[in-house]
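One structure is given below, encoded as structure tokens.
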Amino acid sequence: MPTQTTGHLTYADWQEKPVGSPEASPRLARASVVNTFSGGIEAARTSCEYSIVYTSDKTGTFTGLELLTGRLDGREGTFVLEQRGGFGADGTVHCTFEVVPGSATGELTGLSGSGSFACTAGTPSFPYDFAYEVG
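Read in order, the letters of the sequence shown correspond to residues 584 to 718 in the numbering used here.
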């Protein structure tokens, strides 16, 4: 049975660049992001890369990969999360994420799991939930 954990994700840096024509619709962008996880996942200064599709000025979808080094409920190691989400005209961002199979190291070797978060665009810190197994 998976273990449930929660905490907060805080972003510290967001560097976004257009891909192709910035006037195109839909338009593409790339973002390099630095996050910090606290709570069940403790990982400072993660490395995250997003690919973003803006379907309008305020709506779109994104995919990303995030490398976390730190602790998960006291176990030390590194793992990668694959993220998929979207954002709406009301400013709400929804994201689900999964551990990339085979990416975990150290005491987290064999980690599998998934989680999610929802927030308002521009909010620097917000809660996440994560269900996982190590084995």
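From the three backbone atoms N, C-alpha and C, an ideal C-beta is built for every residue, glycine too. All of these numbers come straight from a predicted model, not from anything done at the bench.
- A contact is defined here as three or more CB-CB pairs under 8 Å, and the segment 696 to 714 meets this definition with respect to the segment 591 to 601.
- The residue from 682, 683, 667 with its alpha-carbon nearest to that of residue 676 is 667.
- Unbroken beta strand (DSSP E) stretches of 3 residues or longer found wholly inside the segment 611 to 654: 630 to 637, given in chain order.
- Nearest to residue 630 by C-alpha distance, out of 639, 662, 641, 604, is 662.
- The beta-carbon separation of residue 651 and residue 624, rounded to 7 Å, stays under the 8 Å limit for a contact.
- Among the bridge pairs identified by DSSP, residue 602 is matched with 611.
- Burial check for residue 682: the Cβ neighbour count within 10 Å reaches 16 or more, so the residue is buried.
- Taking the CA atoms as reference points, residue 641 sits about 10 Å from residue 669.
- For residue 694, there is no enclosing beta strand (DSSP E), as DSSP marks it with neither H nor E.
- Assignment of residue 689 by DSSP, reduced to helix, strand and coil, places it in the helix class.
- Under the 10 Å beta carbon count, residue 696 is surrounded by 16 or more other beta carbons and is classified as buried.
- The Cβ atoms of residue 664 and residue 691 do not sit closer than 7 Å to each other.
- If you draw a 10 Å sphere on the C-beta of residue 626, you find 16 or more other C-beta atoms in it, and that means buried.
- Residue 601 and residue 612 have their alpha carbons spaced roughly 4 Å apart.
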